[in-house]
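In our numbering, the protein residues as written are 7 to 411.
Structure representation (structure tokens):
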């Protein structure tokens with residue numbers, strides 16, 4: 007069977023049946039109401055993705071506690087039983103359109119703002135975030151950690167009651183669980199820090215708690231294979247974490263990379279996205295407009311360049327992880343063409359391909375790949391979508407960039 011044919015064949019992750027090997031990776035949509043419930047706008051997007059033949063959708067991250075809510079507007083939440091009916095309506099519609107949906111559960115830790123959440127930021131260690139610099143986060147106590155473990159498993163119970171087909175723990179991109187896993191942000195010397203086994207303990211106990219409460223409900227995890235921080239995550243750490251995830255009953259691991267602390271360097275692309283930064287980012291938008299043109303000229307030499315390559319940049323890491331585990335491995339990051347996907351799914355690099363920006367550009371990209379009417383995404387990796395989300399709901403900016411003349 008050719009790889010092109012194989013990628014459009016049905017496949018499974020635990021009890022989740024996918025119609026092909028393409029997943030829509032979790033992407034913050036900014037399409038929830040003030041309570042964190044999905045809106046009609048989100049339903050319309052998910053239906054377009056389902057009809058566009060995405061094999062499965064991983065919903066944008068949903069907060070498990072108010073203190074861990076994103077500073078970006080419109081974040082989904084999964085912290086309250088009263089949200090379940092709204093999710094049921096959403097999922098009934100999306101399932102009818104043909105796609106399973108996985109809830110991504112998250113706590114932003116120190117990567118958020120008290121000015122937005124109304125709660126003090128928290129973290130494994132009382133270390134100020136290099137990007138969210140407004141305050142030093144509160145170092146979580148043992149009882150605080152227990153509360154967070156219960157919040158994650160409680161959210162999984164709500165996800166199952168809502169009709170989600172599984173959940174994914176967000177252990178990547180510098181959010182709270184990633185903060186525990188990384189020695190860069192976890193400086194603890196108790197049972198929650200130090201060795202990789204101790205740093206993994208919170209994830210392990212969350213998974214145990216979920217399995218106790220919901221049985222064989224599929225629990226996936228998204229992890230960083232590496233990041234750009236000194237003393238941060240390395241691929242060899244990610245391999246060990248993936249092995250521990252499998253032992254803890256993980257249904258599949260999605261391999262990603264990078265943390266917000268890296269700043270613009272984490273955004274892979276050919277050009278530094280300064281214009282949207284000054285328009286939407288909470289730190290830069292407050293700079294007087296008269297100064298912005300000058301800063302745009304003088305800043306670039308002092309900003310870290312986006313790492314290269316721009317395409318398939320997590321595939322080598324996923325290959326190393328796949329060699330160490332038997333559970334399915336999903337890889338995301340710069341996979342924008344049919345050829346990319348074919349290469350990834352051959353040679354034991356990964357079992358599934360996950361994409362974000364190509365789906366923002368075109369929710370029907372998988373159907374077009376299958377039909378042969380398109381072989382590559384039209385996404386230019388301008389990264390407007392990733393920054394403007396601080397100001398408005400998700401959309402592709404290709405061909406609609408503001409006139410800066």
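Backbone N, C-alpha and C fix where the C-beta goes; we use that ideal spot for every residue, glycine too.
Remember, predicted model here, so these are calculated numbers, not experimental data.
Option nearest residue i by Cα separation, candidates the options
{"i": "residue 267", "options": "180, 87, 25, 197", "result": "180"}
{"i": "residue 279", "options": "365, 192, 311", "result": "311"}
{"i": "residue 247", "options": "260, 399, 85", "result": "260"}
{"i": "residue 257", "options": "54, 83, 333, 326", "result": "333"}
{"i": "residue 39", "options": "166, 216, 89", "result": "89"}
{"i": "residue 382", "options": "360, 345, 399", "result": "345"}
{"i": "residue 235", "options": "335, 176, 136, 149", "result": "136"}
{"i": "residue 46", "options": "80, 222, 216", "result": "80"}
{"i": "residue 18", "options": "91, 34, 106, 174", "result": "106"}
{"i": "residue 32", "options": "22, 98, 337, 142", "result": "337"}
{"i": "residue 370", "options": "58, 24, 14, 27", "result": "58"}
{"i": "residue 158", "options": "16, 368, 113, 403", "result": "113"}
{"i": "residue 86", "options": "365, 141, 151, 167", "result": "167"}
{"i": "residue 44", "options": "24, 100, 12", "result": "100"}
{"i": "residue 275", "options": "318, 213, 128", "result": "318"}
Supposed close pair residue i, residue j - CB separation, criterion 8 Å
{"i": "residue 68", "j": "residue 29", "result": "That belief does not hold up - the Cβ atoms of residue 68 and residue 29 are roughly 17 Å apart, past 8 Å."}
{"i": "residue 483", "j": "residue 286", "result": "As shown, the chain starts at 7 and ends at 411. That puts residue 483 outside it, with no answer to give."}
{"i": "residue 284", "j": "residue 238", "result": "Going by Cβ atoms, the distance from residue 284 to residue 238 rounds to 28 Å, so no, they are not a contact pair."}
{"i": "residue 103", "j": "residue 56", "result": "4 Å"}
{"i": "residue 155", "j": "residue 211", "result": "5 Å"}
{"i": "residue 163", "j": "residue 220", "result": "6 Å"}
{"i": "residue 222", "j": "residue 169", "result": "The pair is not a contact, with the Cβ atoms about 16 Å apart (cut-off 8 Å)."}
{"i": "residue 296", "j": "residue 27", "result": "Their Cβ separation, rounded to whole angstroms, is 51 Å, which puts residue 296 and residue 27 out of contact at 8 Å."}
Under 9 Å between C-beta atoms of residue i and residue j
{"i": "residue 109", "j": "residue 172", "result": "yes"}
{"i": "residue 194", "j": "residue 131", "result": "yes"}
{"i": "residue 362", "j": "residue 320", "result": "no"}
{"i": "residue 330", "j": "residue 265", "result": "no"}
{"i": "residue 161", "j": "residue 70", "result": "yes"}
{"i": "residue 186", "j": "residue 218", "result": "no"}
{"i": "residue 203", "j": "residue 249", "result": "no"}
{"i": "residue 391", "j": "residue 342", "result": "no"}
{"i": "residue 389", "j": "residue 282", "result": "yes"}
{"i": "residue 315", "j": "residue 271", "result": "no"}
Distance between residue j and residue i (C-alpha atoms, nearest Å)
{"i": "residue 7", "j": "residue 94", "result": "Unreliable placement is indicated for residue 7, whose pLDDT of 40 sits below 50; no coordinate value is reported for it."}
{"i": "residue 411", "j": "residue 378", "result": "Unreliable positioning characterises residue 411 in this predicted model, as indicated by a pLDDT of 39, which lies under 50. A coordinate reading is not provided."}
{"i": "residue 123", "j": "residue 309", "result": "29 Å"}
{"i": "residue 325", "j": "residue 273", "result": "22 Å"}
{"i": "residue 138", "j": "residue 121", "result": "11 Å"}
{"i": "residue 427", "j": "residue 372", "result": "For the chain, the structure presents residues 7 to 411; residue 427 sits outside this window and is missing."}
{"i": "residue 42", "j": "residue 82", "result": "4 Å"}
{"i": "residue 153", "j": "residue 306", "result": "43 Å"}
{"i": "residue 401", "j": "residue 76", "result": "18 Å"}
{"i": "residue 353", "j": "residue 53", "result": "33 Å"}
{"i": "residue 398", "j": "residue 36", "result": "7 Å"}
{"i": "residue 335", "j": "residue 360", "result": "10 Å"}
{"i": "residue 60", "j": "residue 356", "result": "17 Å"}
{"i": "residue 73", "j": "residue 125", "result": "5 Å"}
{"i": "residue 231", "j": "residue 178", "result": "9 Å"}
{"i": "residue 84", "j": "residue 115", "result": "16 Å"}
Beta-bridge partners of residue i, as assigned by DSSP
{"i": "residue 69", "result": "83, 112"}
{"i": "residue 144", "result": "128"}
{"i": "residue 337", "result": "261, 359"}
{"i": "residue 18", "result": "23"}
{"i": "residue 28", "result": "359"}
{"i": "residue 64", "result": "108"}
{"i": "residue 176", "result": "228"}
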